[in-house]
Amino acid sequence: MSETSFTPRVFSGIQPTGNLHLGNYLGALKRFVDWQDKDAETIYCMVDLHAITASFQEPQALMRSTRELCAGFIAAGLDPEQSILINQSQVPEHAQLAWIFNCVARMGWMQRMTQWKDKAGKNQQNASLGLFAYPALMAADILVYHATHVPVGEDQKQHLELTRDIATKFNHDYGVDFFPITEPVIEGAATRVMSLRDGSKKMSKSDASDASRINMTDDADTIAKKIRKAKTDPEALPSESKGLEERPEARNLVNIYAALMDQSVDKVLADVGGKQFSEFKPMLAELAVEKLAPISSEMSRLMDDQSEIDKILTRGSERARAITAPILRQTYDIIGMVPPVEV
Ligand code: TYM
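Using our numbering, the letters of the sequence shown correspond one by one to residues 2 to 344.
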């Protein structure tokens, strides 16, 4: 464990690989805003270098998704003055530190990553080297800021454990107490939002069925229709969370409701226990539209002025580099890389 006390600093990121969905919003983005409002120093990143690891991205589509993600961050309540908003490729120290971490992380650690196994599938030989090294870049994203807290959904837990392992090994190998042992922050009712069509699968951008997820850009009718058609069971809602065990679809809809309401699941069940889904689903649809529609209309308004988004990202990366450049320089120094001199 680290002995040094590090200034609390929050970092997190989202891949610009298509539409933001409700899982990203409740598991990550909404909580980014909560951290900003706690007055912590907050840095949020569109991880465009990660976005190209899994499959080929059309250049125009990647640019659009990156700007749209930035618009989504702002529309959801992130203030580009209060938080630092960046795209990863504009802050080169992320990739530079990632190289160092490629030399710290062990092949065996990477091979155990469940996301690597899921994404590479059966044909690992054909997966990119970048996909394999993905978690080392993620560790660099975090540690190049000496970030202490990382709000994410549950699916990122293993990557954050690896980040701690990398920091620990680096500190141990070089006999320093330089990188913090970062805290994953996985909390709230919706750390794992599930598919609306199958309560055993997480809601995801890559699901072939659009009906499985609510996209932040869906209009009110589409949101209502997807919730109406969401898979459920024939029982009424229970009054206590114990009654949701073995009922993954019911639990998912209640979790979504609780997260959107900013209430605990117990409080929600105390209010809606005994109701049938025919009554609960319209309540959920109304709440989802009330919370998401303003974000989606603000996103499209912001997308009308893309040069403003580009300025926000450029300014964000300048502010970011004031933090990352000295940390990278110190890292190189610890490792023994000869620094440039005045000539
Ligand atoms: P990504 O782009 O897959 O997802 C972004 C965030 O959304 C969360 N999330 C969910 N939360 C709840 N329910 C779901 N169904 C759901 N789906 C996604 C994810 O947990 C994540 O918090 N590797 C990261 C991006 C990344 C990163 C980082 C995050 C790169 N560097 C450094 C934190 C710190 C990823 O692929 O997220």
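Using N, Cα and C, we set each Cβ at its ideal position, and we do this for glycine too.
Quantities reported herein were computed from a predicted structural model and do not represent experimental measurements.
Rounded to the nearest angstrom, what separates residue i and residue j at their Cα positions?
i	j	result
Glu69	Ser318	17 Å
Cys104	Ile167	10 Å
Thr169	Arg113	18 Å
Val92	Lys312	14 Å
Ser1	Leu254	The chain is shown from 2 up to 344; residue 1 falls before or after that span and cannot be answered.
Lys206	Ala221	19 Å
Ala96	Ala134	11 Å
Ser6	Ser298	42 Å
Cys46	Ser13	6 Å
Thr192	Pro341	45 Å
Asp1	Ile228	Since the first residue shown for the chain is 2 and the last is 344, residue 1 is missing from the structure and cannot be characterised.
Look up residue i in the DSSP assignment and say whether it is helix, strand or coil.
i	result
Phe57	coil
Gly244	helix
Phe109	The amino acid at residue 109 is misidentified as Phe; the sequence shows Gly. Correct three-state label for Gly109: helix.
Met217	coil
Pro185	strand
Met139	helix
Provide the residue span of the alpha helix (DSSP H) that contains residue i, from first to last.
i	result
Gly317	307 to 336
Asn172	158 to 175
Val151	It is not in any alpha helix (DSSP H) - Val151 instead sits in the beta strand (DSSP E) that spans 150 to 152.
Gln37	31 to 38
For residue i, tell me which candidate among the options has the shortest Cα-Cα distance.
i	options	result
Phe74	Tyr258, Thr183, Ile296	Ile296
Leu303	Ile228, Ala77, Gln61, Phe179	Ala77
Asp263	Gln61, Pro9, Arg32, Asp219	Arg32
Pro239	Lys268, Met300, Tyr333	Lys268
Ile53	Ile87, Glu247, Ile15, Gln37	Ile15
Lys348	Lys230, Glu236, Glu247	In this structure the chain extends from 2 to 344, so residue 348 is not present and cannot be described.
Can you tell me where the beta strand (DSSP E) with residue i in it begins and where it stops?
i	result
Phe12	10 to 15
Asn88	85 to 88
Glu42	42 to 47
Pro283	No beta strand (DSSP E) holds Pro283; the alpha helix (DSSP H) holding it covers 278 to 304.
Determine whether the beta carbon atoms of residue i and residue j lie at a separation below 9 Å.
i	j	result
His160	Ala41	no
Val339	Asn256	no
Arg198	Thr183	no
Ser90	Gly19	no
Pro185	His147	no
Thr325	Glu94	yes
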